[in-house]
Amino acid sequence: MLDEPLVHQEEQGGSTRLPLASALARVAALTAAALGAASAISAVAAASGDGAAGPAALRGAGPSAAIGLAAKDPLSTYVAWWRQHGAGVVDVGGTVLMLVFLMSGLENGIFGFIGIARAMQYPMPAFVGCMGALFNTGGAVMVLVGLFISDALLVIAGAKMVVIFLIFASYSGHYKPLSSAEGQEKVKHQQSLANNVSLGGCLVMLIGHEITQLSPSAPLTGPVVAFYLPLAPGISTVGRFLMVFPFVSAGAKLGVSGFTGVARHFGFPLPAISGLLAFLFSLLGSSLVMLSPFLPSRWAIGPFNAQAVTSIAGAKMLIIFLIIASYSGHFRPMVTSEGLEQRHHMLSLAKNVSIIGGMLIIIGVDLPRL
Numbered sequence: 625m626l627d628e629p630l631v632h633q634e635e636q637g638g639s640t641r642l643p644l645a646s647a648l649a650r651v652a653a654l655t656a657a658a659l660g661a662a663s664a665i666s667a668v669a670a671a672s673g674d675g676a677a678g679p680a681a682l683r684g685a686g687p688s689a690a691i692g693l694a695a696k697d698p699l700s701t702y703v704a705w706w707r708q709h710g711a712g713v714v715d716v717g718g719t720v721l722m723l724v725f726l727m728s729g730l731e732n733g734i735f736g737f738i739g740i741a742r743a744m745q746y747p748m749p750a751f752v753g754c755m756g757a758l759f760n761t762g763g764a765v766m767v768l769v770g771l772f773i774s775d776a777l778l779v780i781a782g783a784k785m786v787v788i789f790l791i792f793a794s795y796s797g798h799y800k801p802l803s804s805a806e807g808q809e810k811v812k813h814q815q816s817l818a819n820n821v822s823l824g825g826c827l828v829m830l831i832g833h834e835i836t837q838l839s840p841s842a843p844l845t846g847p848v849v850a851f852y853l854p855l856a857p858g859i860s861t862v863g864r865f866l867m868v869f870p871f872v873s874a875g876a877k878l879g880v881s882g883f884t885g886v887a888r889h890f891g892f893p894l895p896a897i898s899g900l901l902a903f904l905f906s907l908l909g910s911s912l913v914m915l916s917p918f919l920p921s922r923w924a925i926g927p928f929n930a931q932a933v934t935s936i937a938g939a940k941m942l943i944i945f946l947i948i949a950s951y952s953g954h955f956r957p958m959v960t961s962e963g964l965e966q967r968h969h970m971l972s973l974a975k976n977v978s979i980i981g982g983m984l985i986i987i988g989v990d991l992p993r994l
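In our numbering, each number is its position in the sequence shown, counted from 1, plus 624.
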């Protein structure tokens with residue numbers, strides 16, 4: 625159904641998330657301030673001539689000592705800034721994730737969904753079509769509003785609605801036709817189904833994160849929240865697995881030789897090296913995202929938490945892979961194709977952008993844990 629016509633910081637039991645608009649404003653302001661402070665930092669560091677002082681030496685020190693630390697240890701300042709703004713990254717990622725569902729809702733409208741339900745021979749197509757529009761578009765809008773007003777319960781409710789819609793759309797629009805399709809048509813259904821599984825994982829990951837933003841002391845939802853809070857890490861882990869499953873599957877199926885062939889087909893320079901890098905960024909990036917929650921929490925990579933570092937690194941690798949694959953495999957062909965072929969590339973491109981939003985959610989969740 626989806627592919628027919630177009631288709632922080634965290635505290636257990638509470639939220640410290642900034643609204644998305646406020647977070648973006650702070651990002652812009654702090655970025656400008658950082659640019660202005662760069663030369664001052666260099667001057668202070670050069671004038672001091674002493675780089676031995678570290679964070680331990682400044683514990684309990686006053687603001688002037690903190691300024692000295694910023695000058696002598698810019699990496700710690702940089703990491704500390706991102707730790708504080710992880711929630712804003714989650715909000716941006718959640719907004720990007722909703723792109724493909726909003727596109728589907730805006731193009732199809734209620735009558736478009738009714739037509740799709742009728743074409744797929746659902747009983748009571750008018751009712752089913754209205755429910756499809758409600759769960760797809762309404763759920764996406766609920767997620768966006770919840771992110772903007774920092775209402776985790778609204779985000780969870782909207783994400784669940786979109787997951788339900790995605791399950792029905794994937795089964796009717798891709799899984800059932802897959803058994804009778806052949807050739808290129810079958811490949812398209814396989815790709816779309818894999819993308820939908822990844823999108824579902826992004827939504828589950830978002831739900832798992834938003835559960836941690838709820839308070840167990842709330843008068844109405846407190847008992848339910850208290851039940852789900854211990855399950856949140858497991859829900860997030862399931863989301864991670866679903867999110868990267870298509871990448872693991874593609875990496876295992878194609879191998880280095882398969883990616884090399886793809887690189888040669890799209891005219892990449894040095895196709896052997898390009899194929900190897902694509903294989904590594906896809907399979908290794910997926911493995912890092914999947915396995916990071918299972919690393920011992922006491923492990924560290926330098927001064928940073930090993931779970932967070934491996935997860936963020938894996939998500940960044942997948943984002944780079946997706947950007948290059950989307951540009952070469954969908955954006956360029958979309959510009960030159962027409963009709964259904966163009967629509968397929970446009971949808972696949974929108975889905976990949978939304979999956980990148982899911983990767984940003986992973987990064988935002990793990991930043992405060994660095």
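For glycine and all other residues, C-beta sits at the position ideal for the given N, C-alpha and C.
Grab me the residues of Cys754's own chain with a C-beta within less than 8 angstroms of its C-beta, minus the 5 sequence neighbours each way, in chain order.
Counting from one through the sequence shown, the residue named residue 754 turns up at place 130. Closer than 8 angstroms at Cβ, skipping near neighbours: Ile734, Phe737 and Ile738.
With 16 other CB atoms within 10 Å as the buried threshold, where does Leu964 fall?
In the sequence shown, residue 964 corresponds to position 340, counting from 1. Under this definition Leu964 is an exposed residue.
Pick helix, strand or coil for Ile979, following the three-state DSSP scheme.
Start at 1 with the first residue of the sequence shown, and residue 979 comes out as number 355. Helix, per DSSP.
Which partner residues does Ala850 have in the DSSP bridge list?
Translated into positions along the sequence shown, residue 850 becomes position 226. DSSP lists no partner for Ala850.
Quick one: using the 10 Å Cβ neighbour count with 16 as the cut-off for buried, is Glu731 buried or exposed?
Residue mapping note: residue 731 aligns to position 107 of the sequence shown, counting from 1. Glu731 is classed as exposed because its beta carbon has fewer than 16 other beta carbons within 10 Å across all chains shown.
Burial state of Leu699, where buried means 16 or more other Cβ atoms lie within 10 Å
Taking the first residue of the sequence shown as position 1, residue 699 is located at position 75. Exposed is the call here.
Which of helix, strand or coil does DSSP assign to Phe890?
Looking up residue 890 in the sequence shown gives position 266. Assignment of Phe890 by DSSP, reduced to helix, strand and coil, places it in the coil class.
For a minimum of 4 consecutive residues, which ranges assigned as the alpha helix (DSSP H) are wholly contained in the stretch 912–965?
List check, alpha helix (DSSP H) in window: 930–950 and 956–960.
Nearest neighbour of Phe955, chosen from Ile943, Phe945 and His969 [CA to CA]:
Mapped onto the sequence shown, residue 955 falls at position 331. For Phe955, the nearest C-alpha among the options comes from His969.
Identify, in the order they occur along the chain, each residue of the same chain with its Cβ nearer than 8 angstroms to the Cβ of Leu942, setting aside the five sequence neighbours on each side.
Position 318 of the sequence shown, counted from the start, is the residue given in the question as residue 942. Taking Leu942 as the centre and dropping the five residues before and after it, the same chain places the C-beta of Val868, Phe871, Phe905, Ser906, Gly909, Ser910, Val913 and Met983 closer than 8 angstroms to its C-beta, in chain order.
Leaving out five residues on either side along the sequence, give the residues of the same chain with a beta carbon under 8 angstroms from the beta carbon of Leu817.
The residue you call residue 817 lines up with position 193 of the sequence shown. Result list for Leu817: Ser794, His798, Tyr799 and Leu802, in chain order.
Given that a residue counts as buried once 16 or more other Cβ atoms are within 10 Å of its Cβ, and exposed if not, what is Ser918?
As a position in the sequence shown, residue 918 is number 294, starting the count at 1. The sequence shown places Phe at residue 918, not Ser. With fewer than 16 Cβ atoms within 10 Å of its Cβ, Phe918 is classed as exposed.
Let me confirm a value: Leu991 is counted as buried when at least 16 other C-beta atoms fall within 10 Å, else exposed. Which label applies?
Looking up residue 991 in the sequence shown gives position 367. Result: buried.
Span of the alpha helix (DSSP H) around Glu834:
Your numbering for residue 834 matches position 210 in the sequence shown. Here the alpha helix (DSSP H) through Glu834 covers Gly807 to Ile835.
For Val724 and Val716, I'd like the C-alpha separation in whole angstroms.
Mapped onto the sequence shown, residue 724 falls at position 100. Mapped onto the sequence shown, residue 716 falls at position 92. For Val724 and Val716, the distance between alpha carbons rounds to 15 angstroms.
Look at Val720 and Val959 and say whether their C-beta atoms are less than 9 angstroms apart.
Sequence index remark: in the sequence shown, residue 720 carries index 96 (1-based). Sequence index remark: in the sequence shown, residue 959 carries index 335 (1-based). Taking 9 angstroms as the Cβ cut-off, Val720 and Val959 do not qualify as a contacting pair.
Please name the residue, chosen from Gly953, Lys784 and Gln745, that lies closest to Glu883 on a Cα-to-Cα basis.
The sequence position of residue 883 within the sequence shown is 259, counting from 1. Per the sequence shown, residue 883 should be read as Phe rather than Glu. Its Cα nearest to that of Phe883, the residue Gly953 stands out among Gly953, Lys784 and Gln745.
Applying the criterion that 16 or more other CB atoms from any shown protein chain within 10 Å of the CB defines a buried residue, is Ile897 buried or exposed?
As a working note, residue 897 is residue 273 in the sequence shown. By the C-beta density criterion, Ile897 is exposed, having fewer than 16 other C-beta atoms within 10 angstroms.
Between which two residues does the alpha helix (DSSP H) containing Pro749 stretch?
As a position in the sequence shown, residue 749 is number 125, starting the count at 1. Judged by DSSP secondary structure, Pro749 falls within the alpha helix (DSSP H) whose first and last residues are Pro749 to Ala757.
Suppose the cutoff is 7 angstroms on Cβ atoms and the five residues either side in sequence are ignored; what does the same chain contact list for Lys592 look like?
For the chain, the structure presents residues 625 to 994; residue 592 sits outside this window and is missing.
Under three-state DSSP, which class holds Ile734?
Indexing the sequence shown from 1 puts residue 734 at position 110. In the structure shown, Ile734 sits in a helix (DSSP, three-state: H, G or I).
Following the continuous alpha helix (DSSP H) through Leu790, name the residue where it begins and the one where it ends.
Mapped onto the sequence shown, residue 790 falls at position 166. Per DSSP, Leu790 belongs to the alpha helix (DSSP H) from Ala776 to Ser794.
Tell me whether Ala842 sits in a helix, a strand or coil according to DSSP, three-state version.
Residue 842 sits at position 218 when you count from the first residue of the sequence shown. Three-state DSSP puts Ala842 in coil, outside helix and strand.
Helix, strand or coil: how does DSSP classify Tyr746 here?
Sequence index remark: in the sequence shown, residue 746 carries index 122 (1-based). In this structure, Tyr746 counts as coil in the three-state DSSP scheme.
From which residue to which residue does the alpha helix (DSSP H) around Asp715 run?
For the purposes of this step, residue 715 is taken as residue 91 along the sequence shown, with counting starting at 1. Unbroken alpha helix (DSSP H) run through Asp715: Gly710 to Leu721.
So, is Gly686 buried or exposed, given that buried needs 16 or more other C-beta atoms within 10 angstroms?
Locating residue 686 in the sequence shown gives position 62, counting from the first residue. Low confidence applies here, because Gly686 scores a pLDDT of 47, under 50, leaving its location unreliable and the question unanswered by this model.
Kindly indicate which three-state DSSP category Asp990 falls into: helix, strand or coil?
Taking the first residue of the sequence shown as 1, we reach residue 990 at position 366. Assignment of Asp990 by DSSP, reduced to helix, strand and coil, places it in the helix class.
Going by other Cβ atoms of all chains shown within 10 Å of its Cβ, with 16 needed for buried, is Ile773 buried or exposed?
Here the question's residue 773 lines up with position 149 in the sequence shown. It counts as exposed.
Could you say which of Pro749, Ala902, Ser961 and Gly712 lies nearest to Val880 if we only look at CA atoms?
Taking the sequence shown and counting its residues from 1, the one referred to as residue 880 is at position 256. Sorting Pro749, Ala902, Ser961 and Gly712 by C-alpha distance to the C-alpha of Val880 places Ala902 at the top.
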